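Okay, so here's the structure we're looking at.
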């Protein structure tokens with residue numbers, strides 16, 4: 203049983219393998235053709251790329267002959283030529299393939315290497331022209347920038363000059379204002395001096411008025427004291443004035459009292475001045491024997507009082523009788 207099963211499996215396996223091999227052969231034939239074409243295209247593109255690189259090196263190093271090339275470049279170029287010849291031989295051998303296939307691109311590009319060189323040279327010329335144009339544009343831009351810089355510098359200088367002029371004008375105006383202020387200050391100083399003079403004058407006047415007021419106050423004090431003690435004593439005006447009417451005597455008595463008060467104040471002022479003089483001279487009037495000669499100085503003072511007849515008559519009046527009641531100042 204087992205052997206029968208194995209045989210059946212082997213038969214089925216052989217049939218499947220045969221189908222696969224047939225399909226593989228068909229696919230392999232197609233794949234070989236495609237692979238060959240791809241190889242040709244790859245080789246052609248490889249050759250084109252290398253030729254372009256060689257051309258670049260040629261123009262970059264400014265080489266015109268193969269003699270000046272390096273050994274490595276020579277070998278590489280000869281190798282590429284051989285490959286190109288082999289490809290041409292392969293194409294000539296199979297005419298059927300040549301009739302069916304298109305002409306190889308490798309031979310096409312190999313034949314038109316000079317045209318590629320021309321194209322490349324034209325491209326280089328175009329690039330050089332572009333570079334020259336760019337340089338011209340740069341020169342123009344530089345000129346424009348230089349002109350702009352010059353114009354900007356001139357503008358800045360003009361602005362600076364205008365600023366300097368404005369500042370100078372401001373300084374002139376400030377100087378003028380300063381001089382005006384100085385003149386006004388001088389005028390004010392003169393006015394202040396005049397005011398000080400007037401103030402001093404007024405102060406002197408005020409002092410004079412104060413002194414006058416003090417004198418008036420003193421006189422008023424004496425007058426008030428007299429009015430208080432007026433009723434206590436009476437002067438004997440019969441010895442001074444003749445017999446008159448009682449009404450007139452009262453009026454004249456008031457007038458005489460006022461005159462006496464005025465005279466008394468003047469006498470007090472004289473006494474004060476004498477005291478000041480005595481203080482300056484000394485207690486003893488500059489005399490060492492003052493106690494002995496005391497009566498002389500007292501007599502002199504009495505003579506001054508007795509020299510006036512008016513006061514002599516007053517002292518002879520009833521003033522002496524009322525002396526104990528009224529104590530004059």
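Numbering (my numbering), first residue to last: 203 to 531. The C-beta atom is built at its ideal place from N, Cα and C for all residues, glycine as well. A quick note: this is a predicted structure, and the numbers were derived from the prediction, not measured.
- Query: What's the C-alpha gap between residue 398 and residue 418?
  - Reply: As a position in the chain shown, residue 398 is number 196, starting the count at 1. As a position in the chain shown, residue 418 is number 216, starting the count at 1. Approximately 30 Å between the Cα atoms of the pair.
- Flag this pair as yes or no: are the beta carbons of residue 249 and residue 322 separated by less than 7 Å? Residue 249 sits at position 47 when you count from the first residue of the chain shown. Residue 322 sits at position 120 when you count from the first residue of the chain shown. Taking the C-beta atoms as reference points, residue 322 is found no nearer than 7 Å to residue 249.
- Work out the CA separation of residue 356 and residue 381 for me, nearest whole Å. The residue you call residue 381 lines up with position 179 of the chain shown. The residue you call residue 356 lines up with position 154 of the chain shown. Their backbone Cα atoms lie some 37 Å apart in a straight line.
- Task: Buried or exposed for residue 246, please, with buried defined as at least 16 other CB atoms from any protein chain shown within 10 angstroms of its CB.
- Result: The residue given as residue 246 occupies position 44 in the chain shown. With 16 or more neighbouring CB atoms inside 10 Å of its own CB, residue 246 falls in the buried class.
- Query: Which residues in the same chain have their Cβ closer than 7 Å to the Cβ of residue 333, if we skip the five residues on either side of it in sequence?
  - Reply: Residue numbering aside, residue 333 sits at position 131 when the chain shown is read from its first letter. Excluding residues up to 5 positions away in sequence, nothing lies with its Cβ nearer than 7 Å to the Cβ of residue 333 in the same chain.
- Task: Please decide whether residue 371 counts as near chain B, where near means a Cβ-Cβ distance under 7 Å.
- Result: Although the question refers to chain B, the structure presented lacks it and comprises just one protein chain.
- Item | Distance between residue 386 and residue 377 (C-alpha atoms, nearest Å) | Position 175 of the chain shown, counted from the first residue, corresponds to residue 377. Position 184 of the chain shown, counted from the first residue, corresponds to residue 386. C-alpha separation (whole angstroms): 14 Å.
- Message: Using CA atoms only, rank isn't needed, just tell me which of 470, 383, 410 is closest to residue 420.
- Response: As a working mapping, residue 420 is identified with position 218 in the chain shown. Measuring from the Cα of residue 420, the nearest candidate turns out to be 470.
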